[in-house]
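Accompanying notes for the structure given below.
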Amino acid sequence: MVFEYIQRFKKTPEYYLLMFSFSLNLVWELAQIPLFTFEGDDNPGTIFYGIIHCTIGDALITLGIFEVISLLNKSRLWFLKWEGRYLFLYTLLGVIYTIFSEIKNVYYYERWAYNEYMPLIPLVKVGIVPVIAWLWIPILTLYMMKGRFINEKKG
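Going left to right, the sequence shown walks through residues 3 to 157 as our numbering numbers them.
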């Protein structure tokens, strides 16, 4: 029964979104490590945990935003139409969440900090690199899953 559920899930847009989003976000998280400092910075386990935690979190946030747009469209296949207003809203919600999350985690919970190499957005004092991630990773994720989803349905 569980195996059948997994096989059905692997044919959904959400499966492709999670796989592509996780992969792209993992690469991004690894690339931006030099711009951050972490509590217990000298401990590789702490850094590894932070990378995996943030990668999974970003993939799940992307999924949540995808589902919000799906509800607005009354279709989980909205990404196949590639409509600008929904792509814009999808991106905007991610950027807003990122700014909120960075403020909360950097300044209130102090889970991580920016080092001197991280450029900041002046008004909100949030690192520009995490925001840039949300300008391209979710859109590339949709583009990749669109191609894969179409090819899967053909085959």
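Note that beta-carbon positions come from the ideal geometry of N, C-alpha and C, so glycine has one too.
Kindly give me the distance between the Cβ atoms of Tyr116 and Phe38, rounded to whole angstroms, as I take these residues to be in contact under 8 Å.
Taking the sequence shown and counting its residues from 1, one reaches residue 116 at position 114. Taking the sequence shown and counting its residues from 1, one reaches residue 38 at position 36. Sure, about 6 Å apart at Cβ, within 8 Å.
Less than 9 Å separating the beta-carbons of Leu137 and Phe81?
On the sequence shown, residue 137 is found 135 positions in, with the first residue counted as 1. On the sequence shown, residue 81 is found 79 positions in, with the first residue counted as 1. In this structure, the beta-carbon distance from Leu137 to Phe81 does not fall below 9 Å.
Smallest Cα separation from Phe40: which of Tyr109, Thr14, Met3, Phe11?
To locate residue 40, count along the sequence shown from 1; it is residue 38. Comparing Cα-Cα distances from Phe40 to each of Tyr109, Thr14, Met3, Phe11, the minimum goes to Tyr109.
Tell me the DSSP bridge mates of Gly129?
Within the sequence shown, the letter at position 127 stands for residue 129. Paired residues: Leu122.
Measuring only the C-alpha atoms, how far is Ser77 from Pro132?
The count along the sequence shown starts at 1 and reaches residue 77 at position 75. The count along the sequence shown starts at 1 and reaches residue 132 at position 130. The straight-line gap separating the alpha-carbon atoms of Ser77 and Pro132 is approximately 29 Å.
Report the residue from Glu85, Gly129, Phe90, Leu91 whose alpha carbon sits nearest the alpha carbon of Lys106.
Counting from 1 along the sequence shown, the entry for residue 106 is found at position 104. For Lys106, the nearest C-alpha among the options comes from Gly129.
I believe Leu28 touches Thr57 by the beta-carbon criterion, under 8 Å. Please report the beta-carbon distance rounded to the nearest angstrom.
By one-based count along the sequence shown, residue 28 stands at place 26. By one-based count along the sequence shown, residue 57 stands at place 55. Leu28 to Thr57, Cβ: 5 Å. Contact.
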